Every structure is written in structure tokens, then in C-alpha cells.
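S.K.:
Residue numbers (the UniProt record's numbering): 1 to 279.
(1) Does the segment 154-161 come close enough to the segment 230-237 to have 3 or more Cβ pairs within less than 8 Å?
(2) Please list, in chain order, all residues of the same chain as residue 94 whose beta carbon is under 8 Å from its beta carbon, the five residues on each side excluded.
(3) For the segment 149-201, which segments carrying the beta strand (DSSP E) assignment without a break, of at least 3 residues, lie completely within its bounds, in sequence order?
(4) Taking 7 Å as the line, does the beta carbon of residue 93 fall inside it for any heavy atom of the ligand FMN?
(5) Taking the alpha helix (DSSP H) that residue 233 belongs to, which residues open and close that run?
(6) By the three-class DSSP mapping on this structure, what secondary structure does residue 277 have?
(7) Taking the straight line between their C-alpha atoms, what separation do you get for residue 31 and residue 224?
(8) Which residue or residues does DSSP assign as beta-bridge partners of residue 58?
(9) How should residue 121 be labelled, buried or exposed, when 16 other C-beta atoms within 10 angstroms of its C-beta is the threshold for buried?
(10) Quick check on the DSSP output: what are the complete alpha helix (DSSP H) runs of length 4 or more inside the segment 207-264, in order along the chain?
(11) Are the beta-carbon atoms of residue 43 and residue 59 separated by less than 8 Å?
(12) Evaluate contact between the segment 93-111 and the segment 165-177, counting only Cβ atoms and requiring at least three cross-stretch pairs below 8 Å.
(13) Check this for me: beta carbons of residue 133 and residue 226, under 8 Å apart or not?
(14) Excluding the 5 residues flanking residue 184 on each side, which residues of the same chain have their C-beta closer than 8 Å to its C-beta?
(15) Going by DSSP, name the residue or residues bridged to residue 50.
(16) In angstroms, rounded to a whole number, what distance separates the CA positions of residue 260 and residue 182?
(17) Which value, in whole angstroms, describes the spacing of the CA atoms of residue 164 and residue 81?
(18) Going by the CB atoms, is the gap between residue 68 and residue 252 shorter than 8 Å?
(19) DSSP three-state label for residue 287, please.
(20) Grab the span of the alpha helix (DSSP H) containing residue 70 for me, first residue to last.
(21) Is the beta carbon of residue 221 sitting closer than 8 Å to the one on residue 166?
(22) Along the chain, where does the alpha helix (DSSP H) containing residue 93 start, and where does it finish?
(23) Starting from residue 115, trace the alpha helix (DSSP H) both ways and give me its first and last residue.
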């Protein structure tokens, strides 16, 4: 009894217990909605095709089969998904290329004009999406539409590249600034061209940062709605299709979201196992 009272009165153990409870509560608040969302994807949809919150009408994998085979169920989201994928896959390497050239030129010029570049980049990052979307819409209306072009895939990619490049600069320059510029002069002595130097020397050294930047740019390009919606014309993406569900959440969205969550989870597990075995 005395030991129990001593343990209860120990403030360190109380603090440690509260910390564990807080972490558990935080994890539950994050993952319970995701788990519930996945479970709802196995429930039969309502008569209107919306997600049903009644777990009594369990439907198994029937919703997943209909998602890939029945266009009436999926609402043509596969076409929108392909559009989103194409936009992200094109915008990501272009943004990386422009951002990489920018930081390399800053680096080889010993950070000259770095403050101006970072000021513009930080302004673009902190600027609200709605403001950027309106600005891009006006810009394209003035510069592109008069020449017979229309809003569509091309304007979406241009807008995505424009708002993605500042993130690439932020990702790459801190790492590149730690590399001494002497390697540039050494490569010139070895008759390396500028792009050959970037490809064979700098990219291997910046590879982790490039991968992180690529994943981030791909995700924000795939997920973007506000800017995309203002410059898309008649092109539909996953995010614009999701916005049309103001009257109710369609059943295909639960299936699509669950597939994305499952794929992402397995990708992280694979990455973790790879690192664990590598250690």
C-alpha cells in the first residue's frame, strides 16, 4: 500500500503517463477517421449513390469491382485521375529542372542575388492560392486566349510549374550551399560541360533532396484545386470532380480514397523495411 501511494505521488510518473496518453489520443484522432473512411468503402451505397454510414449493409469488395468496371458508379473519375496524373507527371520534372538550374546558378555565383530570389520564392509560397489562381487566369486570358489557345491542360501545367518552382528552390539550395564551389572548377579541368557537371556530379550529391522535392511537388500538383479550377477550362481532374459532390459524398470517392491510402501505406512500409534491412 505504501509503495502504491509513493508511485501515485511521484510527479515524474504522472507526467510520463500523461505524455503517453496525449500521444495515444493524438494517434487515435488522426487514424480513426481514416480507418472509418476505409470501412465505409465496403458498405453498400445509398439509393442516390452516396456513401452510406450504416455498417449493417456490408457490401464486401463489390464497390471496388464496380469502381473499375462500371462507369456509372465511378462517374468517369478514371479519366479525371489520368488527367491529374499526367499534369503532375509533366509539371514535376519541369519544375525540378527550372529550380535546379536556378539554385546551381545562385551557387556558382556565390549566392549573388540570393536574397531577391528567396524573397520572390517566399512571397509565392505564402501567397494565397485564390490570389495566384486569379492572377494566372487573368494572365492567360491576356497572353494566351487572344492567340487562339484555350484554357486546358497546357494552362494547368504552366500554372503548376509556376507555383512549384519556389518549393524546389527551398528544397535544394540549403543542401547545395554546403557544397564547395571548388568541385565546379575541378570538373572544368576535367573537361566537363555545364550540364554534364550537373548530371554526373551535382545530381548524385543532391539526390535525397531532389527525391523529396519531387514527391512534394507531385503531391501538391495532384491535390491542387483552387488554381486548377480557375485555369482548367473544360479539363476535369480528381479535385474538381470531388468539388462537385456538394450535395453528398459519392460512393466512388470512398473507394478511390481508400485505394490511395492503402497504396501510400504499403509504400511507406516498403520504404521503412528497406531502410531497416539496409541498417
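In this text, a Cβ means the ideal position worked out from N, Cα and C, and glycines have one as well.
Note that the structure is a prediction, hence the values are computed from the model and not measured.
M.R.: Concretely, from the data shown:
(1) Flag = yes, the segment 154-161 and the segment 230-237 touch.
(2) For the purposes of this step, residue 94 is identified with residue 94 of the chain shown, where counting begins at 1. Here the set comprises 157, 161.
(3) Those beta strand (DSSP E) runs which fall completely within the segment 149-201 and span 3+ residues do not exist here.
(4) This structure does not include the ligand FMN; it has no bound ligands of any sort.
(5) If you number the chain shown from 1, residue 233 lands on position 233. Element bounds for residue 233: n/a, residue is neither H nor E.
(6) Counting from one through the chain shown, the residue named residue 277 turns up at place 277. It is helical.
(7) For this step, residue 31 is matched to residue 31 along the chain shown. For this step, residue 224 is matched to residue 224 along the chain shown. Going by C-alpha positions, residue 31 is about 23 Å away from residue 224.
(8) For this step, residue 58 is matched to residue 58 along the chain shown. Answer is 43, bridged to residue 58.
(9) Looking up residue 121 in the chain shown gives position 121. So residue 121 counts as buried.
(10) Here the runs fully enclosed are 207-223, 226-231, 238-243.
(11) For this step, residue 43 is matched to residue 43 along the chain shown. For this step, residue 59 is matched to residue 59 along the chain shown. It is a contact, given that the beta carbons lie within the stated cut-off.
(12) Result yes; three or more Cβ-Cβ pairs closer than 8 Å.
(13) To locate residue 133, count along the chain shown from 1; it is residue 133. To locate residue 226, count along the chain shown from 1; it is residue 226. A contact, by the Cβ cut-off of 8 Å.
(14) Numbered from its first residue, the chain shown carries residue 184 at position 184. Excluding positions up to five away in sequence, the list reads 108, 197.
(15) Residue numbering aside, residue 50 sits at position 50 when the chain shown is read from its first letter. Residue pairing from DSSP places residue 50 in a beta bridge opposite 250.
(16) What you label residue 260 is simply residue 260 of the chain shown in a count that begins at 1. What you label residue 182 is simply residue 182 of the chain shown in a count that begins at 1. Taking the straight line from one Cα to the other gives about 45 Å.
(17) Against the chain shown, residue 164 aligns to sequence position 164. Against the chain shown, residue 81 aligns to sequence position 81. Distance between the alpha carbons of residue 164 and residue 81 is about 20 Å.
(18) Translated into positions along the chain shown, residue 252 becomes position 252. Translated into positions along the chain shown, residue 68 becomes position 68. No, the Cβ-Cβ distance between residue 252 and residue 68 is not below 8 Å.
(19) Residue 287 lies beyond the range of the chain shown here (1 to 279); nothing can be said about it.
(20) Taking the first residue of the chain shown as 1, we reach residue 70 at position 70. Residue 70 -> no alpha helix (DSSP H), and no H or E assigned at all.
(21) Counting from 1 along the chain shown, the entry for residue 221 is found at position 221. Counting from 1 along the chain shown, the entry for residue 166 is found at position 166. No; because the gap between Cβ atoms is not below 8 Å, this pair is not in contact.
(22) Taking the first residue of the chain shown as position 1, residue 93 is located at position 93. Here the alpha helix (DSSP H) through residue 93 covers 77-108.
(23) Position 115 of the chain shown, counting from 1, holds the residue named residue 115. Element bounds for residue 115: 114-126.
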